[in-house]
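Heads up, the thing below is written out as structure tokens.
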Amino acid sequence: MAWLGGARPARGRSAFGTRASVAVCVVLSIAIAVFGKAEAPMFDAARASLSDVTAPALLGVRAPLVAVGRWFDSMSTMFSVYRENIALRQENAELRKWQDVALSLENRLKRYESLLNTAPDPAPPAVTARVIGESNRPFGKTMILNAGTEQGVRKGQAVSDDRGLIGRIYLTGQRTSWVILLTDVNSRVPVLIEPSQRRAILAGDGTLAPVLDLDLGAGAAHAGDRVVSTGDGGLLPAGLPVGVIMGEGNELRVSLYAASAASDYVRVLDYLVPPPPSDPAATAPAIGAPKPPQAAVAAERPPPARPAGVIRPTPALPTAPAGAAAVEEDR
Amino acid sequence: MVDLLSLNPPRFFAALLPVASAVLLTVMVNIPLSLAYGLFPAPMLALAAIYFWALVRPDLMPPGAVLIIGLLEDLLSGGPPGLWASGFVAAYALADRQREILAGLSGAAALIGFAAATLLAAMMAYVLTWVVYHQWPALAPLLLACVITVALYPLIALPLAWTHRRVVGAMRGEV
Numbered sequence: 312m313a314w315l316g317g318a319r320p321a322r323g324r325s326a327f328g329t330r331a332s333v334a335v336c337v338v339l340s341i342a343i344a345v346f347g348k349a350e351a352p353m354f355d356a357a358r359a360s361l362s363d364v365t366a367p368a369l370l371g372v373r374a375p376l377v378a379v380g381r382w383f384d385s386m387s388t389m390f391s392v393y394r395e396n397i398a399l400r401q402e403n404a405e406l407r408k409w410q411d412v413a414l415s416l417e418n419r420l421k422r423y424e425s426l427l428n429t430a431p432d433p434a435p436p437a438v439t440a441r442v443i444g445e446s447n448r449p450f451g452k453t454m455i456l457n458a459g460t461e462q463g464v465r466k467g468q469a470v471s472d473d474r475g476l477i478g479r480i481y482l483t484g485q486r487t488s489w490v491i492l493l494t495d496v497n498s499r500v501p502v503l504i505e506p507s508q509r510r511a512i513l514a515g516d517g518t519l520a521p522v523l524d525l526d527l528g529a530g531a532a533h534a535g536d537r538v539v540s541t542g543d544g545g546l547l548p549a550g551l552p553v554g555v556i557m558g559e560g561n562e563l564r565v566s567l568y569a570a571s572a573a574s575d576y577v578r579v580l581d582y583l584v585p586p587p588p589s590d591p592a593a594t595a596p597a598i599g600a601p602k603p604p605q606a607a608v609a610a611e612r613p614p615p616a617r618p619a620g621v622i623r624p625t626p627a628l629p630t631a632p633a634g635a636a637a638v639e640e641d642r
Numbered sequence: 046m047v048d049l050l051s052l053n054p055p056r057f058f059a060a061l062l063p064v065a066s067a068v069l070l071t072v073m074v075n076i077p078l079s080l081a082y083g084l085f086p087a088p089m090l091a092l093a094a095i096y097f098w099a100l101v102r103p104d105l106m107p108p109g110a111v112l113i114i115g116l117l118e119d120l121l122s123g124g125p126p127g128l129w130a131s132g133f134v135a136a137y138a139l140a141d142r143q144r145e146i147l148a149g150l151s152g153a154a155a156l157i158g159f160a161a162a163t164l165l166a167a168m169m170a171y172v173l174t175w176v177v178y179h180q181w182p183a184l185a186p187l188l189l190a191c192v193i194t195v196a197l198y199p200l201i202a203l204p205l206a207w208t209h210r211r212v213v214g215a216m217r218g219e220v
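Sequence lines, in order, name chains L and F. So that you can map any letter, position 199 of the first sequence is 510 in this note's numbering, and since no number is skipped, the others follow by simple counting. So that you can map any letter, position 161 of the second sequence is 206 in this note's numbering, and since no number is skipped, the others follow by simple counting.
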């Protein structure tokens, strides 16, 4: 098996020169790794430009392979279709009961909101984007979308599929954007555990089920509890479904609702946080001054650039965990 | 080191093949497709090419090229800059230091040699992740990536050995 080795190396090289250049490269690569974090924007810009240029090729390469994958999937499900059909019928009957309950509760909630004159949470506008690539590496789990700054996608926006939160935009090109998945080792997202309302940080560690960091906040957290996004720190819209707690004791993990690997289309949610009043005296209208018309107010609305570290004004909620404000800069 | 500019076109392209094969494998691995629905991490196929050429034709796989291939891997994989560059250069350093022993291995022993280089590259990237981000990432996906990489090494080494014998190695005296 000479092809697995056994070949004699070429000779005649300066051993000292080679060793020296290897040593220089080792030192240089470590320096890039250690100090590269400070120069990450330059590296990210190159990465975004590359994905912008290669986006059409990625789409073209991905399409037939996705089709083949689906064909294999359909072949494998053919053998279990009868059993699955029976299970789905039972589940459908159960869900119909829950649907009646949900509709009834929805109507009741609407009546209460109407009675209390509650301002409803605005549904964040969303950009639907196609997934043109995924990267599953031990130190990086990312996804590339075919929507960038030209489509209004910005760094920090939440990305979800039809099941739940997938991750956040961490890099935008003109026509593409990169998503850091919740499972990535650098992902930190503030979440809320239901029904205890305990706040926690969802920390990716490279596995399919991210770890729940419960150092912050108080309250119960058990296997089977639902986990949703909080909106703390103005990072994500509140209430986005994230997953279900699994595990026991101190090592609690979250089984994610979203299936990033199976998602073809995702939604990038534009979560607008009101800018903080810089000078209340300057912005407050004078007593007796005419109220500006609504159209003028809309025209004066600042562009949807989210200031970093702004806390969403939700006075009914407890204060955000201390780590939430730092999440924005985790990449 | 080979003076590429002094070569005629066929020999010039033959001399570029080792680095080109590693770059091609880097690009191939990083075509971002989830063929296994995210269950398995992508292998480090470029490392197989780097290791192979570092053993049989180190003059055509200089350490500077290894550094650039590692940076390309970092750029394309979406990871932090320098992690895989350091890992690849560390594996190259091992191959360079132990060339006489590693190049003489064959069969399963050659696989073990490559496994040692892969593990060194992975551990280098793992430790640097802690140095840069102050947190230990999960070890299991990294080890799984190493196992997949080592398992695929024969599939990479086979065409590379053919290329070495028929195209690059045949010109050893002149290239």
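From the three backbone atoms N, C-alpha and C, an ideal C-beta is built for every residue, glycine too. These numbers were taken from a predicted model, which means no experiment stands behind them.
- By the Cβ rule, the stretch 361-381 of chain L counts as touching the stretch 444-464 of chain L, because three or more pairs are nearer than 8 Å.
- Under DSSP, the beta-bridge partners assigned to L/G554 are L/V538, L/L567.
- Closer than 8 Å at the C-beta level to chain F, one finds these residues of the stretch 357-369 of chain L: A357, R358, L361, L369.
- Ranking L/S488, L/D526, L/R486, L/F450 by CA distance to the CA of L/D516 puts L/F450 first.
- Between L/L503 and L/V539, the C-beta spacing is below 8 Å.
- D516, G517, T518, L519: these are the residues of the stretch 509-534 of chain L whose beta carbon lies less than 8 Å from some beta carbon of chain F, given in chain order.
- At a cut-off of 8 Å between C-beta atoms, L/A344 counts as an interface residue with respect to chain F.
- In terms of beta-carbon proximity, F/S131 lines the interface with chain L, with at least one pair separated by less than 8 Å.
- Look at the beta carbons and you see the stretch 347-357 of chain L touching the stretch 125-145 of chain F: at least three pairs across the two are nearer than 8 Å.
- Every alpha helix (DSSP H) stretch that sits fully inside the stretch 345-420 of chain L and reaches 4 residues is listed by chain position as 351-389.
- Taking C-alpha positions only, F/L173 is separated from L/G544 by approximately 30 Å.
- Residues of the same chain with a CB within less than 8 Å of the CB of F/Y171, apart from the 5 flanking positions on each side, are W181, P182, L184, L187 in chain order.
- By the C-beta density criterion, L/F383 is exposed, having fewer than 16 other C-beta atoms within 10 angstroms.
- Listed in chain order, the non-local C-beta contacts of F/I157 below 8 Å within the same chain comprise L150, local neighbours out to five positions each way being set aside.
- Residue state for L/T453 is assigned as strand, using DSSP reduced to three classes.
- Secondary structure of F/S131 (DSSP, three-state): helix.
- For F/V74, no beta strand (DSSP E) encloses it; the enclosing alpha helix (DSSP H) starts and ends at 54-74.
- Shown here, L/Y423 sits in a helix according to DSSP, grouped into three states.
- Residue state for L/T483 is assigned as strand, using DSSP reduced to three classes.
- With distances taken between CA atoms, L/G444 lies nearest to L/L370 out of L/R422, L/L370, L/E395.
- Residue contact check for F/L120 against chain L: a CB pair falls below 8 Å.
- Considering only beta carbons, no part of the stretch 538-549 of chain L lies closer than 8 Å to chain F.
- Residue environment for F/H209: buried (at least 16 other C-beta atoms within 10 angstroms of its C-beta).
- At a cut-off of 8 Å, the C-beta of F/T174 has a neighbouring C-beta in chain L.
- For L/V496, the chain F residues whose Cβ falls inside 8 Å of its Cβ are T174, Y178, Q180, P182, A183, in order along the chain.
- For L/E505, the uninterrupted beta strand (DSSP E) segment begins and ends at 499-505.
- Chain order gives the chain L residues near F/V134 as V333, C336, V337, L339, S340, I341, where near means a beta carbon separation below 9 Å.
- Ranking L/V372, L/S332, L/K466 by CA distance to the CA of L/D355 puts L/K466 first.
- In this chain, the beta strand (DSSP E) harbouring L/T439 covers 437-448.
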